[in-house]
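Participant: I am attaching a structure below and will ask some questions about it afterwards.
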Ligand code: ANZ
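This is the structure:
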């Protein structure tokens, strides 16, 4: 048997690449560089899923293409290996997370190698390797030195029953999502990173990045810059002023009451005796809510009056001060001036508690009985009257500044980054506490490794598992010999992924996280591909650390990732459901509760318009693809696809499914399709019986026809790879193959060049055919075929000739004469068929559309 046998070919070439270190990154800096990066995987116990090879194949195509284009390519992979699942497994089974992690990494490595990715395996990084996290800790020390890492009492969601802190998303209506236990807001000592100090730069530098607009917008929203003013309101009968942040200082004449957050430091002081109980009760209630719940627009507004009043600096009016939880302590100053006429939340609140509403912007029609947030001239605002919002803002800020009652201010939604976790399986902080003060351990003590512990779960008092390792925790200050305690929190999983792209550049360098010589050469990352779920956190955190390292003088670039592409999610296979009632098929739109849903296979259905019907009928069915999940049972395992069809088919299919960025359903039929294509490529060149080249593959100068088809493919495939349109590039390869089947002979040279085009997509079959075609081993570094325009030129152009609008003949004109109107018309009139019509008729008009058509209008005799 000499037919296409992917499993034999693929193992052979994978072995060859590994043994010869084919994809070792060049260390000379003489050539232009290209750094193409994947988001490294978390090595979960479940192994690779089909989402991984999607982005990974895309970058691999680019990496292979760039090598063939003469670039030095850096294309690495590693493991984001700290994380909760290994720890939870350890809690359950007692197996050290290190062991589980290593096992999973080995599995992942094997799986990635079985897909033939051209990674440089000598540059693997692993975030849990002490030689790696030594530098994560080192970077933390830089942050600490620069005052960018600090300890703070942070209000966290504490669940006493579960003995742990929960994320906002894990708390619903004051209860833990898991188990439904009460959750309280509790201040706990935590490590926090001052990402807010970089807010402006993180925002500004987005401009120069080649990232999807939607993603940049998400980062902008996350950073959430608001420009406005801080205004001081004198509190009646107190020395203190109440400062608010507002984006609408122009509406100040309409500020009819004030609201402060329940946690505001002035609450106790200003609340009058009469209101004390109600305020205390309200405070207790709001502790049970998460910020997310509190901001929910649809929730009914709640609040209590403090009994205190403030003076509106614009008009001297006394306005009541309320407490309400829709004002968050963590934003702005934790206090607002409420302007119900122009703010929806304030309107709702004012209506509920019967507070005055004064319009200060003339609403358009249709806003009776509700807040108006649109544009319009100022009203009821003394010296602002008649001004548009922007002018009014400027004028009132000037005025407030003159009065010493306010100033221009900028606010960011971005909060400092809560950087500690009560977990075992994370990087230990290189910090000791001496006399209650946090102190860095010396650089020479890095890496600070994790202690062995007996129990991996938190202690139950909120103390992290590391607190159990008493021997490790109790240490001495190396400077003074005083007793000291080690920090027992660990870093979050984000830490290791904040800088891994730098470690790949010089994974063995021991003078710092990255060798500056090579950093200058390789950075920035030219292309970064990964899932859209990382749009904010990972990509923002990494940018932040990068900027800090830049400020430390360690890096030469402001930004890490020049171009970024998000791959779309791969869903499960399409699922089709038809409906039957009383034994008869009915249309899905008519299906009611009594209708019987019946699963249909894809050959029972066909596409019609924008939906699907039962084949040969007009009966609509439901067609849907779902996220892959264990519980749905629609998870596709890439190992099975490789076993059945080969890695080249898996790669090709994942790229052929549709545009990379699009969300798309899996289809095993589709894999069969590309597998047939590879079989066709094989049989085009190889004789199944002998395993040698087909007789029609000849050592001859290629014909014009062959060169034309080839260069069309070169052009299309090259352009499409540059634009990352892999699906249409593959179509072009298919079109070429179809044409080649119609030829009696195919030149070896043409076949070899075609195989080069195929190589980035399906590298195994390409290496094999390349050698079978008589070329020297190693297609990976062959120069990418050059496109030559000349070959696309046609010898002749065909003009349809119309007589009075009807095509009567087709005229073949030499290409170099095709634009010559007189020549073409002259030729047309000589044409036998045309002549018949012209005989004796009068020509009224001659229309000539270059390269397209001729129309002769006649009056018959
Ligand atoms: C008066 C006003 C009038 C407001 C108006 C808006 C419209 P962004 O754009 O999100 O920055 N605000 C300020 N601090 C707050 C806090 N801690 N909790 C809840 N709300 C707060 O929103 C800024 C606006 O949100 C501020 O401007 C303030 O209400 C409110 F017609 O002040 B504004």
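In my numbering, the protein residues as written are 1 to 861. All residues carry an ideal CB built from backbone N, CA and C; glycine is no exception.
Quick one: give me the first and last residue of the beta strand (DSSP E) that residue 812 is part of.
Facilitator: As a first step, residue 812 is located in the chain shown; it is residue number 812 there, counting from the start. It spans 806-814 - the beta strand (DSSP E) in which residue 812 sits, taken as one unbroken run.
Participant: Suppose only complete runs of 3+ residues qualify. What are the beta strand (DSSP E) ranges in the stretch 560-647, listed by chain order?
Facilitator: As far as the stretch 560-647 is concerned, its whole beta strand (DSSP E) runs of at least 3 residues are 564-567, 575-581, 584-586, 596-600, 605-608, 611-614 and 620-624.
Participant: State the Cα-Cα distance for the pair residue 266 and residue 387, rounded to the nearest angstrom.
Facilitator: The residue given as residue 266 occupies position 266 in the chain shown. The residue given as residue 387 occupies position 387 in the chain shown. Going from the Cα of residue 266 to the Cα of residue 387 covers about 35 Å.
Participant: Does at least one heavy atom of the ligand ANZ sit under 6 Å from the Cβ of residue 327?
Facilitator: Here residue 327 refers to the residue found at position 327 when the chain shown is read from its first residue. Yes.
Participant: Would you check if the distance between the CB atom of residue 118 and the CB atom of residue 60 is smaller than 7 Å?
Facilitator: Residue numbering aside, residue 118 sits at position 118 when the chain shown is read from its first letter. Residue numbering aside, residue 60 sits at position 60 when the chain shown is read from its first letter. Contact flag set, yes.
Participant: Among the residues of its own chain, which have a CB less than 6 Å from the CB of residue 784, if the five just before and after it don't count?
Facilitator: Against the chain shown, residue 784 aligns to sequence position 784. So the qualifying residues of the chain are 68 and 69.
Participant: I believe residue 666 touches residue 541 by the beta-carbon criterion, under 8 Å. Please report the beta-carbon distance rounded to the nearest angstrom.
Facilitator: As a working note, residue 666 is residue 666 in the chain shown. As a working note, residue 541 is residue 541 in the chain shown. Rounded, the Cβ-Cβ distance is 31 Å, inconsistent with contact.
Participant: What is the DSSP secondary structure of residue 230, reduced to helix, strand or coil?
Facilitator: Translated into the one-based positions of the chain shown, residue 230 becomes position 230. Strand, per DSSP.
Participant: What number of angstroms, rounded off, separates the C-alpha of residue 777 from the C-alpha of residue 651?
Facilitator: Working through the chain shown from its first residue, we reach residue 777 at position 777. Working through the chain shown from its first residue, we reach residue 651 at position 651. Using only the alpha carbons, I get a separation of about 22 Å.
Participant: Select from 684, 689 and 705 the residue whose C-alpha is nearest the C-alpha of residue 697.
Facilitator: One-based indexing of the chain shown puts residue 697 at position 697. Per the Cα distances, 684.
Participant: Report all residues from its chain with a CB closer than 7 Å to the CB of residue 775; omit the five preceding and five following residues, and keep chain order.
Facilitator: Looking up residue 775 in the chain shown gives position 775. For residue 775, where only same-chain residues beyond five positions count, the Cβ hits under 7 Å are 752.
Participant: Is residue 381 near the ligand ANZ, in the sense that its beta carbon is under 6 Å from a heavy atom of that ligand?
Facilitator: Your numbering for residue 381 matches position 381 in the chain shown. No, since every heavy atom of the ligand ANZ falls outside the 6 Å radius drawn around the Cβ of residue 381.
Participant: Can you check DSSP and say which residues form a bridge with residue 336?
Facilitator: Residue 336 sits at position 336 when you count from the first residue of the chain shown. According to DSSP, which records beta bridges pairwise, residue 336 is partnered with 259.
Participant: So is the beta-carbon of residue 339 under 6 Å away from any non-hydrogen atom of the ligand ANZ?
Facilitator: Taking the chain shown and counting its residues from 1, the one referred to as residue 339 is at position 339. Residue 339 Cβ: within cutoff of the ligand ANZ.
Participant: Spatial neighbours of residue 569 within its chain, please: C-beta separation below 6 Å, excluding the five flanking residues on both sides.
Facilitator: Residue numbering aside, residue 569 sits at position 569 when the chain shown is read from its first letter. Answer for residue 569: 663, listed in chain order.
Participant: Starting from residue 433, follow its DSSP beta bridges and name the residues at the other end.
Facilitator: Your numbering for residue 433 matches position 433 in the chain shown. Paired residues: 438 and 485.
Participant: Tell me whether residue 198 sits in a helix, a strand or coil according to DSSP, three-state version.
Facilitator: The sequence position of residue 198 within the chain shown is 198, counting from 1. Correct three-state label for residue 198: helix.
Participant: Drop a sphere of 10 angstroms on the beta-carbon of residue 559, count the other beta-carbons inside from all chains shown, and report buried for 16 or more, exposed for fewer.
Facilitator: Reading the chain shown from its first residue, position 559 is the one you call residue 559. Classification for residue 559: buried.
Participant: Evaluate residue 640 with the Cβ neighbour count: other Cβ atoms within 10 Å of its Cβ, from every protein chain shown; 16 or more gives buried, anything less gives exposed.
Facilitator: Walking along the chain shown from the start, residue 640 turns up at place 640. So residue 640 ends up on the exposed side.
Participant: If I follow the unbroken alpha helix (DSSP H) through residue 765, where does it start and stop?
Facilitator: Locating residue 765 in the chain shown gives position 765, where the first residue counts as 1. Per DSSP, residue 765 belongs to the alpha helix (DSSP H) from 763-772.
Participant: What residue range does the beta strand (DSSP E) around residue 710 cover?
Facilitator: Position 710 of the chain shown, counted from the first residue, corresponds to residue 710. Element bounds for residue 710: not the beta strand (DSSP E) but the alpha helix (DSSP H), 704-722.
Participant: Which residues in the same chain as residue 628 place their Cβ atom closer than 6 Å to its Cβ, once the five residues preceding and following it in sequence are excluded?
Facilitator: Position 628 of the chain shown holds residue 628. 572, 634 and 635.
Participant: For residue 702, which residues from the same chain have a beta carbon less than 7 Å from its beta carbon, with the 5 sequence-adjacent residues on both sides left out?
Facilitator: Working through the chain shown from its first residue, we reach residue 702 at position 702. For residue 702, where only same-chain residues beyond five positions count, the Cβ hits under 7 Å are 747, 749 and 750.
Participant: Provide the residue span of the alpha helix (DSSP H) that contains residue 221, from first to last.
Facilitator: Along the chain shown, one-based indexing puts residue 221 at 221. Segment 213-223, the alpha helix (DSSP H) holding residue 221.
Participant: Below 8 Å, can you find three or more Cβ-Cβ pairs linking the stretch 423-433 to the stretch 135-151?
Facilitator: A contact exists between the stretch 423-433 and the stretch 135-151.
Participant: Once DSSP output is grouped into helix, strand and coil, what is the label at residue 331?
Facilitator: Indexing the chain shown from 1 puts residue 331 at position 331. Three-state result, residue 331: coil.
Participant: Measuring only the C-alpha atoms, how far is residue 833 from residue 801?
Facilitator: By one-based count along the chain shown, residue 833 stands at place 833. By one-based count along the chain shown, residue 801 stands at place 801. Approximately 10 Å, taken between the alpha carbons.
Participant: In three-state DSSP terms, what is residue 417?
Facilitator: Reading the chain shown from its first residue, position 417 is the one you call residue 417. Strand at residue 417.
Participant: I'd like the span of the alpha helix (DSSP H) that includes residue 824, first residue to last.
Facilitator: Taking the first residue of the chain shown as position 1, residue 824 is located at position 824. Per DSSP, residue 824 belongs to the alpha helix (DSSP H) from 821-830.
Participant: At what residues does the alpha helix (DSSP H) containing residue 802 begin and finish?
Facilitator: Position 802 of the chain shown holds residue 802. Looking at the DSSP string, residue 802 is not in any alpha helix (DSSP H); the run it does join, the beta strand (DSSP E), is 796-803.
Participant: For residue 850, name the three-state secondary structure that DSSP assigns.
Facilitator: Position 850 of the chain shown, counted from the first residue, corresponds to residue 850. It is coil, neither helix nor strand.
Participant: To which residues of the same chain is residue 283 closer than 6 Å at the C-beta, ignoring the five residues directly before and after it?
Facilitator: Mapped onto the chain shown, residue 283 falls at position 283. 262.
Participant: Starting from residue 148, follow the alpha helix (DSSP H) in both directions and report where the run begins and ends.
Facilitator: The residue given as residue 148 occupies position 148 in the chain shown. Taken as a continuous stretch (DSSP letters only), residue 148 belongs to no alpha helix (DSSP H), as it is neither H nor E.
Participant: Looking at residue 815 and residue 795, is the spacing between their C-beta atoms short of 7 Å?
Facilitator: Along the chain shown, read from residue 1 onward, the residue named residue 795 stands at position 795. Along the chain shown, read from residue 1 onward, the residue named residue 815 stands at position 815. Yes. Within cutoff.
Participant: Closest to residue 739 by C-alpha separation, out of 681, 690, 718 and 231, would be which residue?
Facilitator: What you label residue 739 is simply residue 739 of the chain shown in a count that begins at 1. Here the closest residue by C-alpha is 681.
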